[in-house]
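Protein chains: 2
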Amino acid sequence: MGPGPSDVHPRVLQAMGRPTIGHLDPAFVAMMDEVKQLLRYAFQTKNALTLPVSAPGSAGMEACFVNLIEAGDTVIVCQNGVFGGRMRENVERIGATAIMVEDAWGTPIDLNKAEEALKAHPGAKALAFVHAETSTGVLSDAKALCALATKYGALSIVDAVTSLGGSPLLTDQWGVDAIYSGSQKCLSCAPGLSPVTFGERAIDVLQNRKTKVQSWFLDLTLVMNYWTDGGGAARSYHHTAPVNSLYGLHESLLMLHEEGIENSWARHRLNSDALRAGFAAMGLKPLVADADHLPQLTALKVPDGVDKPETRRRLLENYGLEVGGGLGDLTGKVWRIGLMGQSSTPAHVILCLSAMEGTLTDMGANINPGVAVPVAQKILFSD
Amino acid sequence: MGPGPSDVHPRVLQAMGRPTIGHLDPAFVAMMDEVKQLLRYAFQTKNALTLPVSAPGSAGMEACFVNLIEAGDTVIVCQNGVFGGRMRENVERIGATAIMVEDAWGTPIDLNKAEEALKAHPGAKALAFVHAETSTGVLSDAKALCALATKYGALSIVDAVTSLGGSPLLTDQWGVDAIYSGSQKCLSCAPGLSPVTFGERAIDVLQNRKTKVQSWFLDLTLVMNYWTDGGGAARSYHHTAPVNSLYGLHESLLMLHEEGIENSWARHRLNSDALRAGFAAMGLKPLVADADHLPQLTALKVPDGVDKPETRRRLLENYGLEVGGGLGDLTGKVWRIGLMGQSSTPAHVILCLSAMEGTLTDMGANINPGVAVPVAQKILFSD
Chain S
0 MGPGPSDVHP RVLQAMGRPT IGHLDPAFVA MMDEVKQLLR YAFQTKNALT
50 LPVSAPGSAG MEACFVNLIE AGDTVIVCQN GVFGGRMREN VERIGATAIM
100 VEDAWGTPID LNKAEEALKA HPGAKALAFV HAETSTGVLS DAKALCALAT
150 KYGALSIVDA VTSLGGSPLL TDQWGVDAIY SGSQKCLSCA PGLSPVTFGE
200 RAIDVLQNRK TKVQSWFLDL TLVMNYWTDG GGAARSYHHT APVNSLYGLH
250 ESLLMLHEEG IENSWARHRL NSDALRAGFA AMGLKPLVAD ADHLPQLTAL
300 KVPDGVDKPE TRRRLLENYG LEVGGGLGDL TGKVWRIGLM GQSSTPAHVI
350 LCLSAMEGTL TDMGANINPG VAVPVAQKIL FSD
Chain V
0 MGPGPSDVHP RVLQAMGRPT IGHLDPAFVA MMDEVKQLLR YAFQTKNALT
50 LPVSAPGSAG MEACFVNLIE AGDTVIVCQN GVFGGRMREN VERIGATAIM
100 VEDAWGTPID LNKAEEALKA HPGAKALAFV HAETSTGVLS DAKALCALAT
150 KYGALSIVDA VTSLGGSPLL TDQWGVDAIY SGSQKCLSCA PGLSPVTFGE
200 RAIDVLQNRK TKVQSWFLDL TLVMNYWTDG GGAARSYHHT APVNSLYGLH
250 ESLLMLHEEG IENSWARHRL NSDALRAGFA AMGLKPLVAD ADHLPQLTAL
300 KVPDGVDKPE TRRRLLENYG LEVGGGLGDL TGKVWRIGLM GQSSTPAHVI
350 LCLSAMEGTL TDMGANINPG VAVPVAQKIL FSD
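Chains as they are written, first to last, in numbering that gives the first Met the number 0: chain S, 0 to 382; chain V, 0 to 382.
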């Protein structure tokens with residue numbers, strides 16, 4: 000129950016253990032077509048360019064930036080946690096300029112500040128932001144931010160690593176231009192793949208670049224020729240696809256489709272509400288206000304006087320329960336508890352509350368005992 | 000039996016299907032240390048910087064170039080097949096200059112031409128070449144090429160995607176500076192990881208760069224902090240490691256260690272000799288001369304008048320046997336038959352000869368029937 004990877008369902012584990020076949024085998028190619036269709040469903044898009052980058056989410060982020068941004072461009076980067084800072088690194092390593100719009104960690108991106116930056120930099124190529132900040136557990140208003148980007152003629156580049164499958168995300172309806180995610184959060188596949196999708200405006204920018212994409216491996220003009228919708232003849236080898244990882248992604252996307260994405264969103268919300276209510280009853284404080292919190296991830300303030308690493312060690316040793324620590328400015332100040340994908344169930348909620356209550360009591364923390372689980376149960380099973 | 004991925008052993012498939020745990024879990028971190036040790040064995044090196052890049056071989060190639068080469072540098076690139084051309088793309092996308100030394104496809108790299116180029120470009124930063132060209136089945140003299148690079152003050156950058164585990168490769172003894180491989184060839188793991196190792200001279204160059212590495216994802220100065228030998232405190236998060244793929248690599252490296260790398264090299268050689276002798280008895284011609292051929296991969300000339308795609312289709316449908324087609328200049332001219340890792344066994348040799356003999360006879364090719372298998376058996380089982 001850390002900030003990802005989430006629990007992987009036995010169906011997905013079994014899929015990853017299927018015999019490896021060739022990356023150009025007709026049976027594999029047929030599965031690739033299904034992966035694309037299922038990813039379009041997950042992203043709620045009709046975008047032709049929808050595929051999993053053959054590497055973790057950081058590579059998906061880099062794929063978006065190196066394909067769309069060129070040296071000399073200006074990109075407005077909103078930062079309210081760790082991953083906005085990583086976007087800045089990406090922009091600057093291309094030789095482009097990052098205009099940073101900073102918000103406090105634990106709060107969502109301020110729309111007014113984002114609009115001010117777009118006004119102040121009329122030629123900006125893109126507005127980039129994180130939909131769901133995994134370092135803090137904050138959800139920002141992606142729909143409004145994309146609308147702002149469009150209004151000022153900039154592309155939107157969206158980090159949906161933690162949001163995809165867990166929070167409402169409507170790529171086409173919101174007018175998202177480029178978006179990337181990860182396999183190991185709410186899709187509950189193993190880490191290692193990064194789904195991306197580009198809309199028509201982004202493809203236009205890609206096809207009218209002045210220079211070659213600086214990464215050969217991530218050059219989507221080449222990768223697309225392997226992931227083409229055309230038949231066998233149209234498909235050309237780029238790199239050797241991670242066959243078994245893609246078996247797993249295919250299976251996890253099938254499971255999302257079977258559940259229905261709206262049901263998955265509702266499940267994440269309900270379980271998160273129960274967890275937060277339980278913590279509140281116990282007397283623990285969340286980092287993020289109720290209005291902005293992410294259902295997939297709760298950052299919980301470490302109570303005064305509690306030995307944080309020792310608590311995590313006991314949770315792992317006694318309960319097999321992993322929770323994350325804080326990153327960056329939040330190091331030592333929060334625990335990050337994931338309820339993502341297959342790890343978002345009533346059983347996870349109850350185990351986490353019970354384990355945390357028992358461990359914190361042993362550690363001498365001042366908490367209200369005996370109330371968290373009943374409060375959570377009432378929310379989980381009230382109808 | 001194509002040019003990779005090779006067959007993956009059930010032990011490795013089962014390993015990939017183990018429950019996913021966190022990429023910072025103490026149990027996972029302990030396994031990472033073993034992966035590094037086992038990779039050092041496979042590469043025959045003591046290099047501290049030895050780790051698997053979290054993406055396929057193409058990303059390992061890119062990791063070597065973007066970490067060691069900067070804009071304005073000159074790199075001598077030897078090309079005798081497809082993958083030398085990809086090296087050129089890597090060099091040029093950094094803003095560096097690639098001096099191409101070209102040899103005919105199907106022949107090894109000419110040492111004299113490589114030395115002439117080093118002489119003509121005294122400030123060259125690196126000499127880059129492919130040890131085992133997967134597009135043609137040619138082995139080049141990596142030891143001599145690395146010695147030349149050192150003699151002229153250039154780094155050696157070696158593509159060992161297909162050679163690692165299948166052909167003798169002595170990283171430290173040969174003075175290799177930077178080398179990358181892939182998981183899906185002679186290591187017989189699923190595709191998706193790229194082992195790399197950097198020697199001291201390469202680390203020196205990396206640590207004294209004038210500019211940041213242009214790829215954040217592949218920046219080894221950052222990746223190293225996650226793959227550090229130090230304990231938990233010294234380890235810092237970079238990207239989420241592909242946990243299940245690493246389970247598989249760990250298991251495949253254990254199997255290589257159990258067999259013994261010299262035994263693996265000898266096995267690849269024996270099975271390849273038997274396959275080539277069988278084809279010769281049948282009357283089929285290899286692309287590559289005996290002295291230069293790669294034991295992991297045989298490129299076979301397509302006999303006149305034979306429908307090449309139809310032959311491959313029948314091999315796949317009737318025998319479940321995948322063989323590769325030609326790439327680049329060799330498209331339509333050769334089949335590429337792999338005997339890599341777990342796909343290098345007497346059973347694979349005999350199946351391939353029998354299936355090819357039967358299929359080519361059906362296709363009306365002019366071959367000698369009934370002799371290939373006995374010839375191969377004699378070589379395989381003569382003692």
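Here a beta-carbon is modelled for each residue, glycine too, at the ideal position from N, C-alpha and C.
Since the model is a prediction, treat every value here as computed from it, not as a measurement.
A direct Cα-Cα distance of roughly 15 Å separates Thr330 of chain V from Glu309 of chain V.
When the five nearest sequence neighbours on each side are left out, the beta carbons in the same chain lying within less than 8 Å of the beta carbon of Asn270 of chain V are those of Pro294, Leu338, Ser343, Thr344, Pro345, His347, Val348 and Leu379, in order along the chain. When DSSP states are grouped into helix, strand and coil, Val129 of chain V belongs to the strand group. Residues of the segment 23 to 53 of chain V whose Cβ lies closer than 7 Å to any Cβ of chain S, in chain order: Asp24 and Ser53.
The beta carbon of Met15 of chain S falls within 8 Å of a beta carbon belonging to chain V, placing the residue at that interface.
For Thr96 of chain S, the secondary structure class from DSSP, reduced to helix, strand or coil, is strand. Counting only runs of at least 4 residues, the segment 146 to 215 of chain S fully encloses the following alpha helix (DSSP H) elements, listed from N- to C-terminal order: 170 to 173 and 199 to 206. Listed by position along chain V, the residues whose Cβ is nearer than 8 Å to that of Ala265 of chain S form an empty set, because the closest Cβ is around 25 Å away. Under the three-state reduction of DSSP output, Thr227 of chain S falls in the coil class, being neither helix nor strand. As for any beta strand (DSSP E) of minimum length 3 sitting wholly inside the segment 301 to 348 of chain S, the runs are 333 to 337, ordered along the chain. According to the DSSP secondary-structure assignment, His292 of chain S is paired through a beta bridge with S:Val137. At a Cβ-Cβ threshold of 8 Å, Leu326 of chain S and Leu320 of chain S do not count as neighbours.
For the options S:Asn365, S:Lys142 and S:Val195, the alpha carbon positioned closest to that of Met281 of chain S is the one of S:Asn365. Under DSSP, no beta-bridge partner is assigned to Glu91 of chain V.
Residues of chain V with a Cβ closer than 7 Å to the Cβ of Lys211 of chain S are, in chain order, Arg92. Contact check for Leu117 of chain S against Ala123 of chain S passes: the beta carbons are separated by less than 8 Å.
Spanning the alpha carbons of Val100 of chain V and Leu163 of chain V requires a straight line of approximately 24 Å.
Val76 of chain V: not part of any alpha helix (DSSP H); member of the beta strand (DSSP E) spanning Thr73 to Gln78, first to last residue. Using a Cβ-Cβ cut-off of 8 Å, Gly136 of chain S is close to nothing in chain V; its nearest Cβ partner there is about 17 Å away.
Per DSSP, the beta-bridge partners of Ala298 of chain S are S:Arg335.
Within chain V, no C-beta atom comes less than 7 Å from the C-beta of Ser251 of chain S; the nearest is roughly 11 Å away.
When CB distances to chain S are screened at a threshold of 7 Å, not a single residue of the segment 333 to 345 of chain V falls below it. Judged by DSSP in its simplified three-state form, Thr220 of chain V adopts helix. Assignment of Pro51 of chain V by DSSP, reduced to helix, strand and coil, places it in the strand class. Residue state for Pro285 of chain S is assigned as strand, using DSSP reduced to three classes.
The segment 8 to 23 of chain S makes contact with the segment 240 to 250 of chain S: 3 or more CB pairs, one atom from each, lie closer than 8 Å. In terms of beta-carbon proximity, Pro302 of chain V stays away from the interface with chain S, with every pair separated by 8 Å or more. Within the DSSP secondary-structure output, Glu101 of chain V pairs in a beta bridge with V:Gln78. Contact annotation: the segment 138 to 152 of chain S touches the segment 164 to 181 of chain S, with at least three C-beta pairs closer than 8 Å.
By the CB criterion at 8 Å, Trp215 of chain S and Arg85 of chain V fall inside the cutoff.
In the three-state reduction of the DSSP assignment, Leu23 of chain S falls in the coil class. With its beta carbon less than 8 Å from one in chain S, Gln183 of chain V belongs to the interface.
Against chain V, the CB of Trp226 of chain S has no partner CB under 8 Å away; the residue lies outside that interface.
Interface criterion not met: the Cβ of Gly357 of chain V is under 8 Å from no Cβ in chain S. Within chain S, the C-beta atoms nearer than 7 Å to that of Val242 of chain V come from Pro4, Ala189 and Pro190, in chain order. Scanning its chain for C-beta atoms nearer than 8 Å, with the 5 sequence neighbours on each side dropped, one finds around Val52 of chain V the residues Ala58, Gly59, Ala62, Tyr179, Leu192, Ser193, Pro194, Val195, Leu217 and Val222, in chain order.
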